[in-house]
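Here is the structure we will look at, set down as structure tokens.
Chains as they are written, first to last, in my numbering: chain A, 1 to 287; chain B, 1001 to 1287.
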């Protein structure tokens, strides 16, 4: 099993925004970085711009076989299929990690089918942008952000330490550890619910004629309404139960506010606003 | 009736964040600015920091009587009471304007009780911050923002022109005109609904333990959850019918998304996400 040293060779599988940002950050730290992506133009771009040292637009056994650490930045289903087909090319002892946004639906599946001489340690870099592709990658997105290592009982302490070390190399502000279940409950609330809200706000009425009047609040609430529908629908469905719970919590609370407004309950509204203000102030202090 | 020239004297009634920002912007342009606020410390602060030329912590007839243009930056109810008690001190021909966030509930009331030799032209500067008081005022909040003039049939063309001129002096990016009813429908959707959503998201569960994991999306959606409960509950109730309509539109759409998730309708979810992405891209292009 690896721990990171100056000769550690990284392989990025899936060279999009996130994979490309990993590659840039690791290259800046002096590591050797190879990449595999089905999109030839992504590999060409990354080679021409010195983002990677080597690359292939197919599962090249040479690239796979020389990796010490492989980072999967693929959609969940593709990730699982890739492992099934190509894990045979890894050298014994290679450490696998990922950037997938939900965990219970993928971690146990990957660990269940992985060769016994490989180890997969899940991680979730909570960073991103509303643009796609290696062409928009930027290692700056990790600054100030959270990196979560998501181990299961199958993981070794050494793999957990290595995953945290990767988070540090990438420049994340906070590195923490959650179980897959804790992770998915948290992400259902903080990320998926917020995206559902942004989408619903953007689609609930034909609001083209209002574009001239949008202030900061509408812009803030809909920034994340530009969403990769293929990726996010897959993530929502993989985390269906947790997300449904969070959506119900929110819808119930929203409905209470509506009732207070309907009944002209100024005290009730003010009480909610004070709680909201107090909680948000507490969040601000924490950050 | 006034039009603005270099000797125009402004009076700000209510020297909080918005009144203070008006004062700073107008002073920078070289105008004479006086202010009235019941909070003596606000007046003292503004005088000491050169934000106003004169001020009083009571409805000083001298200050009121010398104003060419008076800007009301008060809560709606206080604004209406103030006019009832103190309009007698204005010189004939003084132009009154305001910054109130809702219009139908206040404009007709003020215009209905105003002396016939005064004119009130409503305006809404769509700018703000999550902090309060003249101590936090900042004329920079107007840059890039919208300023809406909200005339009724009682207003003269000259007053409408003057109100727009004020918006230009303050540095607003876009100046437009809406009827009180159009304004309140728009503000119900773009501003009040978004604040309801932010409050409900912040209060729907005790989420203290999640503070370490908040990423940009949760922060974006709850920035406006720090809310002045006295002011916003008053604004919500004044715009009750329009806001209820907007809340129902949003809740219905959110519920459709939930149903799609429950029924594992990936195509339906992706269709909503594509619409949301397309609309938001269109908004981005417009701004």
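For every residue, glycine included, the Cβ atom is placed at its ideal position computed from N, Cα and C.
Only a predicted model underlies this, so the values are computations on that prediction, with no experimental measurement involved.
Residues near residue i in its chain [Cβ-Cβ closer than 7 angstroms; skip 5 each side]
i	result
residue 198 of chain A	221, 222, 224, 225
residue 1236 of chain B	1192, 1243
residue 92 of chain A	117
residue 968 of chain B	There is simply no residue 968 of chain B to check, as chain B begins at 1001 and stops at 1287 in what is shown.
residue 33 of chain A	10, 12, 23, 26, 27, 52, 53
residue 1196 of chain B	1247
residue 1159 of chain B	1001, 1095, 1119, 1121
residue 115 of chain A	87
Residue i burial status per 10 Å Cβ neighbour count (16 or more: buried)
i	result
residue 79 of chain A	buried
residue 1229 of chain B	buried
residue 1184 of chain B	buried
residue 1058 of chain B	exposed
residue 1282 of chain B	exposed
residue 1280 of chain B	buried
residue 68 of chain A	buried
residue 137 of chain A	buried
residue 156 of chain A	exposed
residue 1006 of chain B	exposed
residue 188 of chain A	buried
Neighbourhood of residue i by C-beta distance below 6 angstroms, restricted to the same chain and skipping five residues each side
i	result
residue 105 of chain A	238
residue 1123 of chain B	1097, 1149, 1163
residue 1142 of chain B	1127, 1170, 1171, 1172
residue 146 of chain A	126, 174
residue 1100 of chain B	1076, 1106
residue 49 of chain A	none
residue 1154 of chain B	1111
Test item: CB-CB of residue i and residue j under 9 angstroms
i	j	result
residue 1169 of chain B	residue 1004 of chain B	yes
residue 1121 of chain B	residue 1095 of chain B	yes
residue 20 of chain A	residue 135 of chain A	yes
residue 1028 of chain B	residue 1165 of chain B	no
residue 1070 of chain B	residue 1011 of chain B	yes
residue 1203 of chain B	residue 253 of chain A	yes
residue 249 of chain A	residue 260 of chain A	no
residue 1017 of chain B	residue 1144 of chain B	no
residue 1201 of chain B	residue 186 of chain A	no
residue 1266 of chain B	residue 81 of chain A	no
residue 190 of chain A	residue 1277 of chain B	no
residue 1113 of chain B	residue 1084 of chain B	yes
residue 1176 of chain B	residue 212 of chain A	yes
residue 167 of chain A	residue 73 of chain A	no
residue 42 of chain A	residue 1251 of chain B	no
residue 255 of chain A	residue 272 of chain A	no
Interface flag, residue i vs chain A, CB-CB below 9 angstroms
i	result
residue 1023 of chain B	no
residue 1261 of chain B	yes
residue 1128 of chain B	yes
residue 1286 of chain B	yes
residue 1273 of chain B	yes
residue 1276 of chain B	yes
residue 1258 of chain B	yes
residue 1008 of chain B	no
residue 1122 of chain B	no
residue 1161 of chain B	no
residue 1208 of chain B	yes
residue 1227 of chain B	yes
CB contact check: residue i to chain B, cutoff 9 angstroms
i	result
residue 213 of chain A	yes
residue 138 of chain A	no
residue 218 of chain A	yes
residue 237 of chain A	yes
residue 360 of chain A	Outside the modelled stretch of chain A, which goes from 1 to 287, sits residue 360 of chain A, for which no answer is possible.
residue 148 of chain A	yes
residue 199 of chain A	yes
residue 205 of chain A	yes
residue 282 of chain A	yes
residue 202 of chain A	yes
residue 80 of chain A	no
residue 221 of chain A	yes
Contacts around residue i, its chain only, beta-carbon distance under 8 angstroms, and the 5 residues preceding and following it disregarded
i	result
residue 1040 of chain B	1057
residue 1108 of chain B	1152, 1180
residue 1089 of chain B	1059, 1061, 1064, 1065
Just by C-beta distance, which residues in the segment 47-64 of chain A are closer than 7 angstroms to chain B?
none
Determine which residues of the segment 1084-1102 of chain B have a Cβ less than 7 angstroms from any Cβ of chain A, and write them out in chain order.
none
Cβ-based contacts, 9 angstroms cut-off: residues of the segment 244-256 of chain A near chain B:
244, 246, 247, 248, 249, 250, 251, 252, 253, 254, 255, 256
At a Cβ cut of 7 angstroms, what residues of the segment 1185-1197 of chain B count as close to chain A, listed as they run along the chain?
1186, 1189, 1190, 1191, 1194, 1195, 1196, 1197
Against chain B: residues of the segment 164-177 of chain A by CB proximity under 7 angstroms
174, 176
Scan the segment 1025-1049 of chain B for residues whose Cβ lies nearer than 9 angstroms to a Cβ of chain A and list them as they occur along the chain.
none
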